[in-house]
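My numbering numbers the first residue of the sequence shown as 623 and each following residue consecutively.
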Amino acid sequence: MCYVRIISVISLLGNVLSFRGTPMYQKLAEWSKTYGPVMTVYLGPIRCVALNNTEVVLEALVKKQADFAGRPQTYSTKLLSDGAKSIALGDYHATWRLHRKLATKALRLYTSGNRLELRMTESLNKVVEVLKGIKEPVNPHLYNSLVALNILFGVCFDQTYAVDDPMFKNMLSIFDEFLTSFGNGPLEDIIPPLRLCPTKQMKRMIQLFDDIFNILDIFIVEHRNTLSPDHIRDFTDSILLAQKAAMEELDEATMSKITDDHVRQTIGDIFGAGIDTTRLTLDWAILYLASHPEVPSKIHKEVDQVLPKSGTMLLSYRNHLPYTEAVLHEVMRLSSVVPLSLPHCTICDTKIGDNDVPQGTMVLLNLWMMHHDPDKWTDVEAFKPERFLDETGAMAPKPDSWLPFSAGRRVCLGESVAKQELVLLLAGYMRQFKISLPDGVKPDFEAIGGGFVRTPKPFQSRFCGT
Ligand code: HEM
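Structure, rendered in structure tokens:
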């Protein structure tokens, strides 16, 4: 296999032990310096191809997007998604395409009009009120979690919660446990005999998924009972109506693919996929802003010209906030909250360059490496939002090596919602607060946790009213 190297003897664990202590994206980046951008690694018996630079990632995701559009069907993903009925975990086939289309349509329907603006404003205001009452430095994670959870609760179920509400506390503890406790995933995926007597980790994961879906089910049943086509309250209404419309239009064979279980998984996808990504991006944004005082003062200047001191956060403000948007791009580049994207899988025999990649191969896309490639970014580790602006101060065309939402057939379904809301949330924070680190504290930009998402170490920051 030309420049693909088999970098490990196949053993029961394959390369798994090498990923203990060092996040997988970082280890792969390190190995790629020796073995080249396309490598084969073994996660136990699972053979994976890891792609480690912009050219090979884009070849897979864009040029050959149909070949690489599958999702690996591991033991745990099938178990946790009701037999792969979810969009995020489902493989690439006709039923999956149908559900992705329905979800995209429902999200677009929900975000048309001013619902997202109102949700965002309400969620942000709740947190601003609490933060205004706190004079000492705080860990922003709790408050960013409240913003993210409230936006997703609002988008999905037309609900928001206060910081001390038992529903918020319950969800926060579930999502925080996911962040900190599951490393690179359950061992059952790579050591099949363990499935007969599941590990504590696997049992806990199943329990937490059940806990989340038990809560979502209450909302979904209530929405089905009160659904009205004339009054769309949220994404759940939109997807239930899209399901109804599709049932009326489609033939019987297709209808049988739009089950209530699929719709329940889709709602779980939208709710779950948006929370960690949004709150972690905000955590990193606050850490970078608090550590680079020259940047917040430029944002303040821009925000003060565009946003009124109070009132709804209009999506149209975003067009007038290029510097704030560039800051967000730079935060997303450096933080790379989903460093290896979600694993893909080839749906046919294909190639990357001269390298054969057989059907059914798991593919890891190292977005973190793309974002930290010194050949693509000058002064690669420096926090420089200006790199995303042109000479007039407007946003320059997106660099090929910036890909936090991935690309192609499996591109993040929430990309446009996330981009709009994150710029405005950042602007909304800056409209109200000057953000800084406590005196004498040095920032630490190392991430903690496993390899799926990058979480900043807990830190304190000051929020002083402007
Ligand atoms: C900072 C914000 C976000 C980032 C960085 C992000 C990033 C990603 C990435 C890297 C993927 C994997 C794409 C692939 O497989 O190649 C993904 C998938 C997905 N995201 Fe996001 N995401 C964000 C916010 C959101 C939000 C707010 C939603 C929902 C409204 C969402 C919904 C989804 C869904 C449903 C998928 C699965 C798509 C599929 O498998 O076809 N994401 N996201």
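Where a beta carbon is used, it is the ideal one built from N, C-alpha and C, also for glycine.
Whose CA, out of 859, 710, 909 and 680, lies closest to the CA of residue 761? 909
Nearest residue (CA-CA) to residue 1027, options 903, 799 and 912: 903
Test item: CB-CB of residue 925 and residue 1052 under 8 Å: yes
Counting only the same chain and skipping the five closest in sequence on each side, list residues whose C-beta sits under 8 Å from that of residue 698. 807, 808, 810, 811, 824 and 827
Can you check the stretch 660-730 for any alpha helix (DSSP H) of at least 4 residues that lies completely inside it and give the ranges in chain order? 676-680 and 697-702
The stretch 1005-1024 in contact with the stretch 1043-1061 per 3-pair CB rule at 8 Å: no
Residues that DSSP places opposite residue 1084 in a beta bridge: 1058
If we count the other Cβ atoms within 10 Å of its Cβ and call it buried at 16 or more, is residue 763 buried or exposed? buried
Would you say the beta carbon of residue 800 is closer than 7 Å to some non-hydrogen atom of ligand 1? no
Can you tell me whether residue 986 is helix, strand or coil according to DSSP? strand
If you draw a straight line from the C-alpha of residue 1063 to the C-alpha of residue 1057, how long is it? 14 Å
Taking buried to mean at least 16 other C-beta atoms within 10 Å of its own C-beta, is residue 740 buried or exposed? exposed
Find the nearest neighbour of residue 689 within the set 1032, 1075 and 1037, judged by alpha-carbon distance. 1032
Give a single yes or no on whether residue 963 has its beta carbon closer than 7 Å to a heavy atom of ligand 1. yes
So for residue 884, helix, strand or coil by DSSP? helix
Quick one, which of 695, 1088 and 845 has its alpha-carbon nearest residue 931's? 1088
Out of curiosity, what's the CA-to-CA distance linking residue 1092 and residue 912? Since the first residue of the chain shown is 623 and the last is 1088, residue 1092 is not available in this structure.
State the Cα-Cα distance for the pair residue 752 and residue 767, rounded to the nearest angstrom. 13 Å
Anyone know if the C-beta pair for residue 846 and residue 863 falls short of 8 Å? no
Member of 643, 934 and 1035 whose CA lies at the smallest distance from the CA of residue 893: 1035
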